[in-house]
Each structure stands twice: as structure tokens, then as C-alpha cells.
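Enquirer: Per UniProt numbering, the sequence shown starts with residue 1, numbered consecutively. Glycine residues also receive a C-beta, built at the ideal position from the N, C-alpha and C atoms. Every value quoted in this text rests on a predicted model; they were computed, and no experiment measured them.
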Amino acid sequence: MAATTTRQPSLFAQVSAVPPQPASSTAEAPTSNPHHPKQWHIPRLLLKVRDVSHEGAIKYFNTTNTQKVLHDAVIGVLETLYTHETAPTTQRSITLILQSMDGVANTTGSDLDNDHKKIYFSLDYIGQIPDDRVQSEILGVIRHEMVHCWQYDACGTAPGGLIEGISDFVRMKAGFSPPHWKRRGDNWDAGYATTAYFLDYLCSRFGNDTVKRINLALKHSTYTPELWVTISGGIPIEKLWDDYKTAFNLHPTPAPEPSDPEKEKEGYAVVAQEEAIPPPPSKTEPKPPQSIEKPLPIPPTPIVTYGSSMRRSGSPGSGDVWPFAANTPVAHIMLDRLKNMRFEGKSGATRYILEFEALIDRLQPEMSDVDKKLLLCTSFHGPTMVNWYETSCRAVTYHQLKEAMQEAFKNY
Ligand SMILES: [Zn+2]
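(1) With a threshold of 6 Å on Cβ separation, who are the neighbours of L202 within its own chain once the five nearest residues in sequence on each side are excluded?
(2) Buried or exposed: where does T83 fall if 16 or more other Cβ atoms within 10 Å of its Cβ makes it buried?
(3) Can you tell which of T64, C377 and R44 has the C-alpha that lies nearest to the C-alpha of E137?
(4) Once DSSP output is grouped into helix, strand and coil, what is the label at T95?
(5) To the nearest angstrom, how far is it from the Cα of H54 to the Cα of A395?
(6) Examine ligand 1 and report whether any of its heavy atoms sits within less than 8 Å of the Cβ of T80.
(7) Determine the closest residue to G109 out of Q135, M146 and W40, with distance taken between C-alpha atoms.
(8) From the DSSP secondary-structure annotation, give me the bridge partner or partners of I119.
(9) Please tell me whether residue 471 and A73 are closer than 9 Å, where the distance is taken between their beta carbons.
(10) Please state whether the Cβ-Cβ distance between L162 and I94 is less than 9 Å.
(11) By the three-class DSSP mapping on this structure, what secondary structure does R44 have?
(12) Give the C-beta separation of S379 and R342 to the nearest angstrom, bearing in mind that I take them to be a contact with Cβ-Cβ under 8 Å.
(13) Please report the straight-line C-alpha distance between R362 and K212, rounded to a whole angstrom.
(14) Is any non-hydrogen atom of ligand 1 found closer than 8 Å to the C-beta of E137, if you look at the structure I gave you?
(15) Got a sec: does ligand 1 put a non-hydrogen atom nearer than 8 Å to the Cβ of I119?
(16) Where does V211 sit, in a helix, a strand or coil, going by DSSP?
(17) How long is the line joining the alpha carbons of D242 and W188, rounded to whole angstroms?
(18) If we count the other Cβ atoms within 10 Å of its Cβ and call it buried at 16 or more, is A57 buried or exposed?
(19) Could you give the C-beta distance for L96 and F121, rounded to a whole number, given that I count them as a contact under 8 Å?
(20) To the nearest whole angstrom, what separates the beta carbons of T397 and D369, a pair I think is in contact under 8 Å?
(21) Would you mind sorting P43 into buried or exposed? The rule is 16 or more other CB atoms within 10 Å of its CB.
(22) Are the Cβ atoms of A349 and Q406 separated by less than 9 Å?
(23) What is the DSSP secondary structure of V370, counted as helix, strand or coil?
(24) Going by Cα to Cα distance, which pick from T90, H148, L81 and V69 is closest to Q135?
(25) Just curious, the alpha helix (DSSP H) that G233 is in, first and last residue?
(26) How big is the Cα-Cα spacing for Y152 and S221?
(27) Of the choices Q99, D115 and T80, whose alpha-carbon is the least far from that of D91?
(28) With distance defined between alpha-carbon atoms, name the residue in L98, G191 and K245 nearest to E164.
(29) DSSP three-state call for V396: helix, strand or coil?
(30) Can the beta-carbon of Q154 be found closer than 9 Å to that of A196?
(31) Say the cut is 8 Å; is the CB of H116 nearer than that to a heavy atom of ligand 1?
(32) Closer than 6 Å by C-beta to E366: which residues in its own chain qualify, once you throw out the five before and the five after it? Chain order, please.
(33) Which of helix, strand or coil does DSSP assign to V49?
(34) Which value, in whole angstroms, describes the spacing of the CA atoms of P159 and E238?
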């Protein structure tokens with residue numbers, strides 16, 4: 001059940017706390033940073049709660065000091081993924097939003113400004129965490145999501161499993177691993193804890209900065225398996241994974257897994273997608289029925305959920321498809337649909353972009369390049385657009401972005 005959109009409503013009924021984050025406040029400085037706590041860039045940290053009476057909200061406030069948790073999470077992520085020299089400094093705000101919703105949590109940017117991140121955390125999920133796990137699970141989920149606010153993703157081409165693995169690696173290093181996590185030997189990019197343990201092994205073998213180096217390697221370039229050769233000084237990923245399995249006895253000695261090996265893959269994918277952080281209440285790890293997701297290939301399949309409403313006959317760009325004036329109500333509806341277009345990967349990126357541009361020409365020819373870039377990113381990457389835009393698109397022109405898209409997705 002892929003989370004299909006980054007467009008979350010931005011209007012909230014309540015703003016229950018808006019704790020400004022004084023980066024210079026030594027009194028509030030996190031305890032986790034042995035170096036120069038004041039030198040990390042801490043964005044403004046915000047909290048929004050949509051239902052303070054929800055059981056999950058009550059559990060949350062009974063256990064959680066939001067300011068400290070968010071602040072520590074930022075510091076913890078920066079320390080694990082960056083140095084003072086490499087840490088991003090453009091983030092302006094991170095908003096934790098507690099609301100009733102399916103799934104566990106997801107992270108997005110805002111439509112208009114990706115320097116403002118939003119972490120959505122399900123009150124329903126919090127509500128059903130056993131009491132003795134509430135605090136730790138909240139810390140863990142927030143730490144995981146906080147990673148998504150900061151990590152690179154190779155212009156959206158990094159395997160989803162790697163992205164999720166890095167997030168859980170950071171969570172693990174912070175000491176927030178849930179009790180059911182264990183090493184698994186199915187695929188290195190199965191994501192989440194499976195990949196996190198593998199990354200931890202790589203750190204023990206190639207240095208504690210290994211995950212930092214991996215993250216930085218995902219800053220500008222497109223992902224290729226060559227990454228692992230570079231990181232390890234010459235060893236391909238297959239060998240590394242094999243070594244890991246040998247080191248921890250994870251080779252399939254037909255140790256019959258009682259459960260579905262697909263289990264770990266659920267929720268693979270995209271940065272902002274709902275996490276498959278396991279349901280704490282029952283230790284039986286019931287397999288959710290929605291595990292329709294597949295692990296992403298490399299480069300990631302552009303996810304695709306656009307509604308059939310955008311499909312239409314008529315050639316792309318043909319002038320008779322949208323025969324209405326720009327200011328009519330119909331035009332507004334069509335604009336909304338334009339904003340919800342998703343690349344399906346069926347007709348090729350070039351053709352898709354032609355359609356995309358034809359719509360813009362018809363509907364809003366004066367649209368700025370910045371807006372066009374945002375729309376195009378969104379339509380190709382859906383929920384992953386946030387990080388992807390941040391890491392790859394902001395600095396390029398619309399034209400450059402378009403060419404990069406055509407190249408990256410020419411085989412879809
Ligand atoms: Zn995640």
C-alpha cells in the first residue's frame with residue numbers, strides 16, 4: 001500500500017507546542033555530542049498534534065519530552081552521518097506531526113520549500129504499543145524518521161533498502177533497536193534491520209566512518225554497485241554480503257525460516273514511505289496484508305500511482321485536449337490533476353515529460369522553472385521527492401533536470 005503522495009494537508013487544527021530550538025543554548029545541549037554541540041546546525045523544531053485526546057497522544061505526552069527527543073535525534077543523526085564539515089546547514093524546520101493515520105510514520109518535505117521537513121507519526125500506532133515499550137519505540141521511530149530528513153539518496157536512485165537500512169542503522173547505533181530485530185541473511189538490500197546489521201558489520205571491517213562515507217557517496221552521484229567497491233577498497237557487494245553471512249553464520253543451512261522471506265521487504269521503498277517498523281504489540285510479526293511492495297531495482301522504479309483520471313486519448317501536447325481557458329473552474333481541476341501526475345514508466349520518460357510540459361503550456365504557461373522542477377520531481381519520485389529534490393534538483397535548472405530525468409528513466 002504504497003504511500004502515494006507527498007501532498008499532505010498543511011492545515012492543522014492545533015499547534016500544541018512550538019518550541020524554538022536555540023542552537024546556542026548550552027543548557028539544552030544534547031548529551032550525546034562529545035565534540036562541539038553548538039556547531040551543529042539545528043533547525044527549528046516544531047510539534048503539531050491533531051488530537052490531544054487520542055490514546056496515542058496521551059501515551060506520547062506521558063513518556064516523551066518532545067524538545068529533547070527531537071533535538072537529540074537531530075544531533076544523533078548528524079553525528080552518525082556527517083562531520084561538522086559535511087553536515088547540511090540548509091534545513092530550516094522539522095515538524096513532528098502526531099495524527100491518526102494508517103501505518104507508522106513517514107517523512108516529507110513541504111511542497112514549496114524542501115528545507116521544511118515534516119515527520120508524520122501515527123497516533124493509532126503509538127496507542128497500541130505496549131506500555132513498557134512506548135518510550136523506546138517512540139524514540140526509535142523518531143530517530144529513524146529523522147534520518148530521512150537529512151540523508152542523501154543518490155538523486156533518488158539509491159536502493160530503497162539501503163535508505164531504510166541507513167535509517168535503522170542510525171536508530172540501532174542510538175540504542176533504540178526493538179527487541180525483535182535480528183540479523184537476517186536474505187538480501188543485503190532487504191532494508192531496515194537486515195541492512196542495518198550489515199552496515200554495522202561494514203563499519204567494524206572498514207572503519208566507523210563507513211556509513212558516513214556511504215551517505216556522502218549518495219550526495220551527488222547516481223547509485224551504482226561500484227559504490228561498494230569504493231567503500232571497501234575493492235570488494236564488490238556480493239562478496240561483502242557473502243562475507244557477512246559467513247561471519248554471522250547466516251548462510252541458508254536450510255534453516256527453514258518459518259515465515260515468509262518477503263516479510264522483511266515490506267515497506268521497502270521510498271524515503272517517505274510508511275515504515276514497516278514491526279508492530280510491537282504482538283511478537284508474532286503478523287504479515288500485513290498489504291505487502292504488495294517489491295524491493296526497488298536500481299535505479300528505483302518510479303513509483304506510480306497516478307490515477308486513471310490523467311489518462312486520456314489524444315496525442316501529447318495536442319492543442320485540442322484541454323480546450324478551456326486558464327481561469328475556469330475546470331482549469332483549476334485540471335491543474336490539480338497536473339500536480340498529481342505520476343510517471344508510470346510505461347511510455348518512456350521523454351514522452352511523459354512531453355505530456356507534462358504540454359499540460360503546463362496549456363494550463364499555466366507562466367509557471368516558474370522552480371515550480372516546474374518541483375512538479376516534475378514529485379511526479380517522478382512521489383514520496384521520495386523530498387530528499388531527492390534537496391540533494392539533486394535544487395541547484396540545477398529545469399532544463400538540466402529534465403535531461404537528467406530522461407536519461408535516468410530512459411529504459412522505463
Ligand atoms: Zn524509513
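Expert: In short, the structure shows the following:
(1) T210
(2) Around the CB of T83, fewer than 16 other CB atoms lie within 10 Å, so the residue is classed as exposed.
(3) Closest option to E137, Cα to Cα, is T64.
(4) strand
(5) In this structure, the CA atom of H54 is about 42 Å from the CA atom of A395.
(6) no
(7) M146
(8) L96 and T107
(9) Coverage of the chain is limited to positions 1 through 412, which leaves residue 471 absent and any answer about it impossible.
(10) no
(11) strand
(12) 5 Å
(13) 45 Å
(14) no
(15) no
(16) Note: V211 maps to helix in three-state DSSP.
(17) 9 Å
(18) buried
(19) 6 Å
(20) Confirmed, Cβ separation roughly 6 Å.
(21) Buried: at least 16 other Cβ atoms inside 10 Å.
(22) Less than 9 Å separates the beta-carbon of A349 from that of Q406.
(23) helix
(24) V69
(25) Taken as a continuous stretch (DSSP letters only), G233 belongs to no alpha helix (DSSP H), as it is neither H nor E.
(26) 10 Å
(27) In the sequence under discussion, the amino acid at residue 91 is Gln, which differs from the Asp named in the question. Of the candidates Q99, D115 and T80, the one whose C-alpha sits nearest the C-alpha of Q91 is D115.
(28) G191
(29) coil
(30) Rather than Gln, the amino acid found at residue 154 in this sequence is Ala. Taking 9 Å as the Cβ cut-off, A154 and A196 do not qualify as a contacting pair.
(31) It does not: the Cβ of H116 is nowhere closer than 8 Å to a heavy atom of ligand 1.
(32) none
(33) Correct three-state label for V49: strand.
(34) Each residue's alpha carbon lies about 15 Å from the other.
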